[in-house]
Amino acid sequence: MLDVGSGASSFAVEASRREIEVAAVDPLYGCSVETLATHVQLDYARVSVDSCRRLKGEKLLEQEEIEQHRRAAAQRFLSDYESGFLHNRYLGGALPSLPFLDRSFDLVLCGHVLLGAYARFDDSQVITACRELLRVSAGVVRIGPFEKVPTTRRDALLARLQAEGIAPQIASCVDAHGRTVPQGLLILRRATR
Ligand SMILES: C[S@@+](CC[C@H](N)C(=O)[O-])C[C@H]1O[C@@H](n2cnc3c(N)ncnc32)[C@H](O)[C@@H]1O
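Below is the structure:
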């Protein structure tokens, strides 16, 4: 499996503990563990300022719980980073050009990178990135979050993907609270001709 834009998430360490062959790629990988820890701290500060501004009551408590999980995950990542880097579990790289051969992975994931609150990719960049994610996948690509993409943007993206010979599918997923999120995932496959 490949996780693209894995950041300070614990996905790769958790997967490798389950004996899944996994690689995680991020532009930050290759930095020292101290630099990564500083990025993590800056990210905590930015997200908590945003949450305090936007949320109140139960929603704020819910967000704080998610943040605690995220911090614990970041600590698991930081503890694994140096040994994982030596074992090629963490590789430096960035979309739109990934350092892998065609069809290298059974499953490719890309979460909170191309779409979502902090994503900074325009539609053309998203399409180019989708092409690259599918190039390195022998099977499917899963991209999220997709549920908040406005309808007009969603329809335009789906039409452009189809024009590229990609078969997109929108699917539900499960969030950090175990709740089903309808239309939370964009799944990509090569279209059969
Ligand atoms: C919000 S974090 C998401 C981390 C993780 N995927 C998750 O869902 O918890 C976004 C990550 O995307 C990475 N990123 C930014 N630009 C990227 C690019 N062009 N290609 C791949 N990753 C990128 C950032 O370095 C950051 O670690």
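For the sequence shown, position 175 (counting from the first letter as 1) is numbered 166 according to our numbering, and the numbering increases by one without interruption. Glycine residues also receive a C-beta, built at the ideal position from the N, C-alpha and C atoms.
Just to check, is the beta-carbon of residue i closer than 6 Å to a non-hydrogen atom of ligand 1?
i, result
"S163", "no"
Going by the DSSP bridge assignment, what does residue i pair with across the sheet?
i, result
"S128", "F96"
"V24", "Note: V24 sits in no beta bridge, so no partner."
"C101", "I134"
"R181", "I157"
"V165", "T171"
"G83", "D17"
"S88", "A85"
"L176", "A162"
"D(-6)", "A15 and L100"
Between the stretch 170 to 177 and the stretch 67 to 77, can you find at least three pairs of beta-carbon atoms closer than 8 Å? Because the criterion of three Cβ pairs below 8 Å is not met, the stretch 67 to 77 and the stretch 170 to 177 do not touch.
Shell residues, 6 Å Cβ cut-off relative to heavy atoms of ligand 1: Chain-ordered list of matching residues: V(-5), G(-4), S(-3), G(-2), S0, D17, P18, L19, A85, L86, G102, H103, V104 and Y109.
Pairs of beta-carbons, one from the stretch 53 to 63 and one from the stretch 109 to 127, closer than 8 Å: are there three or more? They do not touch, by the three-pair rule.
Counting Cβ pairs, one atom from each stretch, are 3 or more of them under 8 Å apart for the stretch 78 to 89 and the stretch 12 to 23? With the cut-off at 8 Å, the stretch 78 to 89 and the stretch 12 to 23 touch.
Assess, as a yes-or-no matter, whether the stretch 90 to 105 is touched by the stretch 138 to 153 under the definition of 3 or more beta carbon pairs within less than 8 Å. Contact between the stretch 138 to 153 and the stretch 90 to 105 is not established, with fewer than three Cβ pairs separated by less than 8 Å.
May I ask you to verify whether the stretch 120 to 129 touches the stretch 149 to 165, counting CB pairs closer than 8 Å and requiring at least 3? Yes: at least three Cβ pairs fall under 8 Å.
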